[in-house]
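S.K.: Let me give you the structure first, and then I'll get to my questions.
There are 2 protein chains.
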Amino acid sequence: MPKLLLLAAVLVGAFAGAARAGAEPKIAHFTLWNGLEVVVVPDHRAPVVTHMIWYKVGAADEAPGKSGLAHFLEHLMFKGTAKNPGDTFSQQVAAIGGQENAFTSSDYTGFFQRVPRDHLKEMMALEADRITGLVLTDEVVRPELNVVLEEQNTRVANNPNGRLAEQMDAALYLNHPYGRPAIGWRHEIETLTRDDALAFYRRFYTPNNAVVVIAGDVTPEEIKADAEATYGKIAPRAEIAPRRRPAEPMQEGPRTVTLADARVEQPSISRVYLAPSSTTAKPGESEALEVLAHALGSGESGRLYRALVVDQGIAINAGANYSGTALDYARFGVFSSPKSGRTLHEVEAAIDAVLADVIEHGITAQELESAKSRLIADAVYAQDNQATLAQWYGSALATGQTVEMVEAWPAAIRAVTADAVRMAARTWLDRRTSVTGYLVNSLKPEEKHS
Amino acid sequence: MPKLLLLAAVLVGAFAGAARAGAEPKIAHFTLWNGLEVVVVPDHRAPVVTHMIWYKVGAADEAPGKSGLAHFLEHLMFKGTAKNPGDTFSQQVAAIGGQENAFTSSDYTGFFQRVPRDHLKEMMALEADRITGLVLTDEVVRPELNVVLEEQNTRVANNPNGRLAEQMDAALYLNHPYGRPAIGWRHEIETLTRDDALAFYRRFYTPNNAVVVIAGDVTPEEIKADAEATYGKIAPRAEIAPRRRPAEPMQEGPRTVTLADARVEQPSISRVYLAPSSTTAKPGESEALEVLAHALGSGESGRLYRALVVDQGIAINAGANYSGTALDYARFGVFSSPKSGRTLHEVEAAIDAVLADVIEHGITAQELESAKSRLIADAVYAQDNQATLAQWYGSALATGQTVEMVEAWPAAIRAVTADAVRMAARTWLDRRTSVTGYLVNSLKPEEKHS
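Chains A and B, in that order, are what the protein sequence lines are. Quick note, the first sequence lines up with residues 1 to 450 if you use the numbering used here. Quick note, the second sequence lines up with residues 451 to 900 if you use the numbering used here.
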């Protein structure tokens, strides 16, 4: 059973330039009696359907000391129910030639299948059963913990980039649980138990805390009937409190983290600034940050690449990114890797000069138009991918956005002005709320052990 | 009502070179039926007595989002009970010419009075009444919140050193609640309510979670009788769970924090390393760190001062410190301020060279003997101060130590070897588990806004 852990940044990163729709399909959105939200995205190009359930719970909802629990439970959700024991569900998906997967971020946990259209109702019945019917025994829980630990090894412990990203997040968030890795701290994952998983499951897995997104060759009417016949049979089993996480205090000073690993062949610098998310930003602000990230650093036409790689020839790459899909904070990032013979500090100074210029003078009219066109075009192209569309709506609804906000996104991008971009740069590219990470092969001798 | 917030570091810092007894008075230690521990430290030089109660709860026991609650409750404990309303308690202390105060750390909350011996039982009765009898109305809670916010202003918000220390702790602890300031994050203090305070009070203020320490012109026998007649009347009202806080993950890389404040006239550098506390250290390890801190940096004879100030003439001060009194982690610190015309980086390189030398070669036999003699002498002198002695036992018992461990401390210091000191330096002066703080007047132009 392959399972994906999509950390918030990864998932959203894939989206940033991908999934904002222009010419919208006619989306339907309704709520069942039990509180389950359903979003239907008709797409009649092929007789296939993408079926997703998004629980509004993620790693940032875990109790202190229990990090990794949301992701561990995601894995355990494949262990069967009383009605569909063992891997019945996965076997049925495989038998009909379908695909399935699952993912956990700081804000949500999701499961999906992509199957022939005729098998959708079957998937809905199986997924509905799994909302409350999970059966866990120690025999399945223990080995799965090892699977999760192995995943942590691959993604973080044995991955210098993963290790640095983990330590940078911990330094970026002084108080908010986004500072904990979505996969969990290894020493805490090791202590997770069946009881922990079941308590978390009973508290957060309930129809009134979930969103089902169905994209494909369907109509809202038939989905409504099928949803009532399947999901509609599941009673809510927990009240869901408002999702309020501890907020960040005033961040007072620039931070750095240096990670040395003998496997690093190419040093790099990356910096993340605390930024508002689509959900927390003032109107237009998140869109201005998207445009700014594209103008600064999307590919080889971005300012950072042109300045550091093309003009100055001191770096082998350079870019920027912004990921707005989050319930609370988002991050604005810049990065670069020096050319052989150049230092991280030279590259950092060059990045700082580019950023200072954008803060002072903003971006050009041409950069503005180009970034906006590209973002909107990407959103249109994204409609070609059923799963991407479904994921776009699901992640938005699981992080406090609405269907209307998703639909209005291309217009909001079109409305971004050069002034708004300069203001966003001036407001949010503030070193005091940033962490700069240095990935190096080894610490300087005096840094190593003193 | 003056009240002291002693952050763990401050309290323990005052102790590091102060309160380890050599020629012990005959200490008595017993537990009442209700779980209250009592420690009696006879001291017959004057007809006065120091009476302290230590609750085994501090800022690190607060729920996420409620930082500052332990300290806020400390303030509110002076608001009166049903039996002794308003400031009856404080007025009685004042009327007999006594002194009183209170303090909150990450691990404990304490209250004390120093009064003429004949009034001790009266203090015990008043303090016993206050364990469970507190009455809080909105009329007293609201104004006290402003007092606490004003205290936060003075200690942190308007104090560059305080701001840097706060942000460094948040960067030092990636997961453990010691990363939260003991006084609380300002934005969270602002939201604390009467209900929060009462819930915390009912959960943690109970005889079975407290230690009473009485030092002065008393005998264990009379204290036992008086304790039973006063504290013995209070029934336990809550069960106390083991104090397990989320532990630190592997810390992978050196971190820095830079704090710029226009009021800074003298830049400085400070570095804290995560270290074991007296409670978590292997036998002898915490004592070796004490010796190391003294050899490196206690006053003008320490290595750092001699190297940076005397020999190289690049700094106006330099030192080291270690504070072992904590339930979980402790910190080993080094610091210096450059002479005018010298940079923080020059000073940092000089510190690193001193530390590298100690890691490589350890300290000399003469440094070892001198540090040990001074530590033991300080402990003997500390017995001159009744309140210091009481505080020593109280803080130890509130952080997982025993009376026997306190009494054995001078012998443990005597037993420290040069090898143990070198090993402690090699193990714990590891940059990967450290944060270096730079206090400066202003960020470099490119750091300011990019």
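By construction, the Cβ of each residue, glycine as well, lies at the ideal position given by its N, Cα and C atoms. Fair warning: this is a prediction, and the values are worked out from it, not measured in the lab.
Using a C-beta to C-beta distance shorter than 7 Å, which residues of chain B count as neighbours of A/ALA171?
M.R.: Contact annotation for A/ALA171 against chain B: ALA621, ARG705 [CB-CB distance below 7 Å, chain order].
S.K.: Output yes if chain B places a C-beta closer than 8 Å to the C-beta of A/GLY65; else output no.
M.R.: A/GLY65 has a beta carbon lying within less than 8 Å of a beta carbon in chain B.
S.K.: From what residue to what residue does the beta strand (DSSP E) around A/PRO338 run?
M.R.: 329-338
S.K.: Counting pairs of Cβ atoms below 8 Å between the region 285-303 of chain A and the region 724-743 of chain B, do you hit three or more?
M.R.: no
S.K.: Do you know offhand how far B/GLU640's Cα is from A/GLU252's?
M.R.: 19 Å
S.K.: Taking the C-alpha atoms as reference points, what is the distance between B/GLN833 and B/ILE477?
M.R.: 13 Å
S.K.: Helix, strand or coil: how does DSSP classify B/ALA471 here?
M.R.: Confidence at B/ALA471 is low in this model, with a pLDDT of 42, below 50, so its placement is unreliable and no value can be given for it.
S.K.: Given that A/TRP185 touches chain B, what residues does it touch there, using C-beta distances under 9 Å?
M.R.: LEU624, ASN625, PRO696, ALA697, GLU698, PRO699, MET700
S.K.: Have a look at the DSSP bridge pairing and note the partners of B/ALA620.
M.R.: DSSP lists no partner for B/ALA620.
S.K.: Taking the Cβ atom as the reference point for each residue, do B/VAL661 and B/GLY548 lie within a distance shorter than 8 Å?
M.R.: no
S.K.: Express the C-alpha separation of A/ALA171 and A/GLY162 in angstroms, rounding to a whole number.
M.R.: 14 Å
S.K.: For B/GLY485, I'd like the list of residues in its chain whose CB is within less than 7 Å of its CB, leaving aside the five on either flank, ordered along the chain.
M.R.: PRO657, ASN658, PRO686
S.K.: Here's the rule: buried if 16 or more other CB atoms are within 10 angstroms of the residue's CB, otherwise exposed. What is A/TRP33?
M.R.: exposed
S.K.: Could you give the distance in angstroms between the alpha-carbon of B/TYR779 and the alpha-carbon of A/ASP261?
M.R.: 26 Å
S.K.: Quick one: residues in its chain with C-beta nearer than 8 Å to the C-beta of B/THR849, no 5 flanking neighbours on either side, listed in chain order?
M.R.: ASP557, TYR558, SER727, SER728, THR729, THR775, ALA776, LEU777
S.K.: If you run the structure through DSSP and keep just helix, strand and coil, what is A/LEU78?
M.R.: Note that residue 78 of chain A is Phe in the sequence shown here, rather than Leu. Reduced to three states, the DSSP call for A/PHE78 is coil.
S.K.: Once the 5 residues before and after B/PRO610 are set aside, which same chain residues still bring their CB inside 8 Å of it?
M.R.: LEU709, ASP711, ARG713, VAL714, LEU889
S.K.: Does the beta carbon of A/LEU259 come closer than 8 Å to any beta carbon on chain B?
M.R.: Closer than 8 Å: yes.
S.K.: Is there a C-beta anywhere in chain B that falls below 8 Å from the one on A/GLN167?
M.R.: yes
S.K.: Under 8 Å between C-beta atoms, does B/ARG630 make it to chain A?
M.R.: yes
S.K.: By a C-beta neighbour count over all protein chains shown, 10 Å radius and 16 as the cutoff for buried, is A/ASN441 buried or exposed?
M.R.: Exposure of A/ASN441 is indicated by the presence of fewer than 16 other C-beta atoms within 10 angstroms of its C-beta.
S.K.: So with Cβ pairs under 8 Å, would you call B/LEU777 a contact of chain A?
M.R.: no
S.K.: Starting from the N-terminal side, write out each stretch of the alpha helix (DSSP H) that is 4 residues or longer and does not extend beyond the region 234-289 of chain A.
M.R.: none
S.K.: Under the assumption that A/VAL257 contacts A/LEU164 (Cβ atoms under 8 Å), give the Cβ distance between them as a whole number of angstroms.
M.R.: 7 Å
S.K.: Just to confirm the assignment, what range does the beta strand (DSSP E) spanning B/SER540 have?
M.R.: That residue, B/SER540, is in no beta strand (DSSP E); its alpha helix (DSSP H) goes 538-545.
S.K.: Is there a C-beta anywhere in chain B that falls below 8 Å from the one on A/ARG163?
M.R.: yes
S.K.: Counting only runs that start and end within the region 312-382 of chain A, where is the alpha helix (DSSP H) found for 4 or more residues in a row?
M.R.: 344-361, 365-382
S.K.: Using a threshold of 8 Å, state whether the C-beta atoms of B/MET502 and B/PHE561 are closer than that.
M.R.: yes
S.K.: Classify B/GLN851 as helix, strand or coil using the three-state DSSP reduction.
M.R.: coil
S.K.: Taking B/LYS789 as the reference, which of B/ILE826, B/ALA649, B/GLN716 has the closest Cα?
M.R.: The option with the nearest alpha carbon to B/LYS789 is B/GLN716.
S.K.: Pop quiz: A/ALA197 and A/LEU73 are said to be a contact at Cβ under 8 Å. What is the actual Cβ separation, rounded to whole angstroms?
M.R.: 5 Å
S.K.: Flag this pair as yes or no: are the beta carbons of B/VAL741 and B/VAL565 separated by less than 8 Å?
M.R.: no
S.K.: Helix, strand or coil for B/VAL564 per DSSP?
M.R.: Position check: residue 564 of chain B holds Arg in this sequence, whereas Val was assumed. Residue state, collapsed to three classes: strand.
S.K.: How close, in whole Å, do the beta carbons of B/THR886 and B/ARG721 come, if the pair is a contact with beta carbons under 8 Å?
M.R.: 4 Å
S.K.: What's the C-alpha gap between A/GLU407 and A/ASN158?
M.R.: Roughly 40 Å between the two C-alpha positions.
S.K.: So for A/ILE27, helix, strand or coil by DSSP?
M.R.: Three-state result, A/ILE27: coil.
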